[in-house]
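Quick note on numbering that gives the first Met the number 0: the sequence shown kicks off at 0 and runs consecutively.
Here the structure is laid out as structure tokens; the discussion comes afterwards.
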Amino acid sequence: MEVMTPGAFLRICIGLFGGVGLFIYGMKTVGWGLQKVAGRRLRNILGTLTNTPIKGTVIGALMTATIQSSSATTVMLVGFVNASLMTLSQAIGVVYGANIGTTFTVQLIAFNVSNYSLLLVGIGVMLLVFKRNRIVQYLGQSLLGFGLIFLGIKVLMDSTEPLRSYPLFLNSLVSMEAYPIVAIAISAVFTGIIHSSAAAIGISMVLASQGMMDLPAAIPILLGADIGTCSTAILSSLGSSREGKRVAVAHLLFNLIGALLVYPFMDLFREAILWMSDPFAAGISRQIANGHMLFKVLNTMIFLPFTVPFRKIITFMIPIVPELERTFEVRYLDEQVLDTPEIALGQAGKEAERMGNRVLEMFRQTILVFQNGDDFLREEIKKMDNEIDYLDDAITRYLISVAQGSLTEDQSRREISLLNIVDNLEHVGDLIDKSLMELARKKIDFGLHFSSGGEQDIILMHGQIYANLQKVVSAFVHWNAEQAKEVLHQFPRIDKLESDLRKAHIQRLHNGLQETIDTSSIHLDVISSLKQINTHAESIAKEVAGEN
Numbered sequence: 000m001e002v003m004t005p006g007a008f009l010r011i012c013i014g015l016f017g018g019v020g021l022f023i024y025g026m027k028t029v030g031w032g033l034q035k036v037a038g039r040r041l042r043n044i045l046g047t048l049t050n051t052p053i054k055g056t057v058i059g060a061l062m063t064a065t066i067q068s069s070s071a072t073t074v075m076l077v078g079f080v081n082a083s084l085m086t087l088s089q090a091i092g093v094v095y096g097a098n099i100g101t102t103f104t105v106q107l108i109a110f111n112v113s114n115y116s117l118l119l120v121g122i123g124v125m126l127l128v129f130k131r132n133r134i135v136q137y138l139g140q141s142l143l144g145f146g147l148i149f150l151g152i153k154v155l156m157d158s159t160e161p162l163r164s165y166p167l168f169l170n171s172l173v174s175m176e177a178y179p180i181v182a183i184a185i186s187a188v189f190t191g192i193i194h195s196s197a198a199a200i201g202i203s204m205v206l207a208s209q210g211m212m213d214l215p216a217a218i219p220i221l222l223g224a225d226i227g228t229c230s231t232a233i234l235s236s237l238g239s240s241r242e243g244k245r246v247a248v249a250h251l252l253f254n255l256i257g258a259l260l261v262y263p264f265m266d267l268f269r270e271a272i273l274w275m276s277d278p279f280a281a282g283i284s285r286q287i288a289n290g291h292m293l294f295k296v297l298n299t300m301i302f303l304p305f306t307v308p309f310r311k312i313i314t315f316m317i318p319i320v321p322e323l324e325r326t327f328e329v330r331y332l333d334e335q336v337l338d339t340p341e342i343a344l345g346q347a348g349k350e351a352e353r354m355g356n357r358v359l360e361m362f363r364q365t366i367l368v369f370q371n372g373d374d375f376l377r378e379e380i381k382k383m384d385n386e387i388d389y390l391d392d393a394i395t396r397y398l399i400s401v402a403q404g405s406l407t408e409d410q411s412r413r414e415i416s417l418l419n420i421v422d423n424l425e426h427v428g429d430l431i432d433k434s435l436m437e438l439a440r441k442k443i444d445f446g447l448h449f450s451s452g453g454e455q456d457i458i459l460m461h462g463q464i465y466a467n468l469q470k471v472v473s474a475f476v477h478w479n480a481e482q483a484k485e486v487l488h489q490f491p492r493i494d495k496l497e498s499d500l501r502k503a504h505i506q507r508l509h510n511g512l513q514e515t516i517d518t519s520s521i522h523l524d525v526i527s528s529l530k531q532i533n534t535h536a537e538s539i540a541k542e543v544a545g546e547n
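Right, here's the structure in full:
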């Protein structure tokens, strides 16, 4: 029996380590390129979700084929359900599709064009570096990723080839067929560590293509890899709501129950794979890829009719329990989707929308404090500004993290625009809190009252600016440039209104109205603060209209 030397063992380990690294990085590179090609359509796809599991399945398959990872898709679902952007029923359908979509990568790997991997890398780099067309560059990035995947496979093949001379290793592979439950467990743990079922299946293809593993031994590896890939979503759900945890459990149960259903019938499953592959004279690598696809499709067909009871089982396993009242916190910022800039920007936009609506509510209630002398409401508005400051900090940090990734020009512009919009919203909150509410405090503490005409002037100016701010937030939420441009025509009117109101105030002073004299400085400062708020609203409109 040939004994493996330490040097040979080290070379094999280095080759395996480097080959798997190239493979996984190649998959990520393909995903980055395809995401950029898809652009905003990626986010719009999620917007088309309905309660129909079949539609969710189709969307999940498309999403996963685009980002090249069922784990990444499921992690996104955890975030979306946690943020109440999706229901559990919608997410379950997408989970089905995500599992089908991941077979796309494995089928591509089975083409075994490793000898052309460097050519793919070269062409991909040329398109990435020398072409000015952005879409062509992104396709080049994807091509580079495919080249790295196949280069990784070639490195794995070269590294594992010497293992054919070591009976101890070959016997351990043969034992996988004799003890499939052990093979499933090893495959699940390995996949959980590297976070890539495609890489685990790719290694089995490499070993099988060199005659070191047959189809019966590869089937348990397929099942284990599909169970192990659920670890990423499980880990990401630990800090999420119970709804988010349910999505991760749905992904795990889908693959675990599927494996349990196939396990007693592995011989029949193998025959089905051979029957499916025979018309194409498929080699062992293609048979493994077909087995992976057959498992996913059959599992989905079994689960689809039972989606409602499946959801009820998951809900029973993770019931809703009364939670203690939580402090104010972010709702949509999910760090798990930072690797998908289009989705991350959409999440930041949702949180900024929430911030905008909060500012609108603050500003709406501001006039009530002046009208009614309501000191309790004044304190509540000041508390709301603390929430605005918190959201400003959280969204800004999140957008900075998004900017650390690879963004398209359009994504970079939107990231900068969101930063500016959030900054302007925060300034509006500060003006309400530190200026208007302080002026209201003085008015309340000293028992002052505006004159009838003065109060009506402030109500008029507040109403017009509130209408502008409402339209600005609406334009920002829908990112409607035309609506923003229409609102921009309204802002100069506030300048004229401010001038007219100052003149009216001076006239009341000249008339000797005691209430006007007592509240003069407060009145003029309120008008100035309202005008500044209008200026920040105008800046937001310009961002949306593309005029900044």
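Where a beta carbon is used, it is the ideal one built from N, C-alpha and C, also for glycine.
Checklist entry - Measuring CB to CB, does K541 end up less than 9 Å from A483? => result yes
Next on the checklist: Quick check on D225: does DSSP put it in helix, strand or coil?
Outcome noted: helix
Checklist entry - For M425 versus D391, is the C-beta distance shorter than 9 Å? => result The sequence shown places Glu at residue 425, rather than the Met named in the question. Yes; because the gap between Cβ atoms is below 9 Å, this pair is in contact.
Item to check | Inter-residue spacing [alpha-carbon to alpha-carbon] between H291 and L147 | outcome: 22 Å
Checklist entry - Under three-state DSSP, which class holds R131? => result coil
Checklist entry - Straight-line CA distance for I457 to V368? => result 12 Å
Item to check | Whole alpha helix (DSSP H) elements within the stretch 228-313, 4-residue minimum | outcome: 230-235, 241-261, 265-276, 283-302
Next on the checklist: Quick check for students: name the residue ranges of the alpha helix (DSSP H) that lie wholly in the stretch 468-528, counting only runs of 4 or more.
Outcome noted: 480-487, 490-509, 513-517
Checklist entry - My guess is that P52 and Y24 are in contact by the Cβ rule of under 8 Å, so how many angstroms apart are they, rounded? => result Between Y24 and P52 the Cβ distance is about 34 Å, and since that is not below 8 Å, they are no contact.
Checklist entry - Between the stretch 412-425 and the stretch 344-358, are three or more C-beta pairs nearer than 8 Å? => result yes
Checklist entry - By Cβ distance below 8 Å, which residues in the same chain neighbour L155 in space, the five residues on each side in sequence not counted? => result G14, L15, G18, V19, F22, G201, I202, V205
Item to check | Candidates A109, N479, P179, S68, of which the one nearest K153 by Cα | outcome: A109
Next on the checklist: Give me, in chain order, the residues of the same chain whose beta-carbon lies closer than 7 Å to that of K244; leave out the 5 immediate sequence neighbours on both sides.
Outcome noted: S236, I317
Checklist entry - What do you get for V551, buried or exposed, if any count of 16 or more other CB atoms within 10 angstroms of its CB means buried? => result An answer regarding residue 551 cannot be provided, because it is not within the stretch 0 to 547 covered by the chain.
Next on the checklist: According to DSSP, simplified to helix, strand and coil, what is F369?
Outcome noted: helix
Item to check | Same chain only: Cβ atoms within 6 Å of M383, ignoring 5 sequence neighbours per side | outcome: M361
Checklist entry - With 16 as the cutoff for other CB atoms within 10 Å, does F305 come out buried or exposed? => result exposed
Next on the checklist: Output needed for A217: all residues of its chain with C-beta closer than 6 Å, excluding positions within five of it in sequence on either side, in chain order.
Outcome noted: S203, A207, I287
Next on the checklist: If I measure Cβ to Cβ from I183 and keep anything under 6 Å in the same chain, skipping five residues before and after, which residues do I get?
Outcome noted: P219, L222, G223
Checklist entry - In whole angstroms, what is the alpha-carbon distance linking L293 and T65? => result 20 Å
Checklist entry - Can you check whether the CB of S519 is closer than 9 Å to the CB of L508? => result yes
Checklist entry - How about A177 and G227: are their beta carbons less than 9 Å apart? => result no
Checklist entry - Looking at the unbroken alpha helix (DSSP H) that takes in D391, where does it start and where does it end? => result 374-402
Checklist entry - What's the C-alpha gap between V421 and I394? => result 8 Å
Next on the checklist: If the criterion is Cβ atoms closer than 9 Å, does the pair G32 and L138 meet it?
Outcome noted: yes
Item to check | Short Cβ contact (9 Å threshold) for L430 with H535 | outcome: yes
Checklist entry - Excluding sequence positions up to five away, which residues of its chain have a Cβ less than 7 Å from the Cβ of S230? => result G191
Next on the checklist: Could you check whether F79 and A71 sit closer than 9 Å to each other, using their CB atoms as the reference points?
Outcome noted: no
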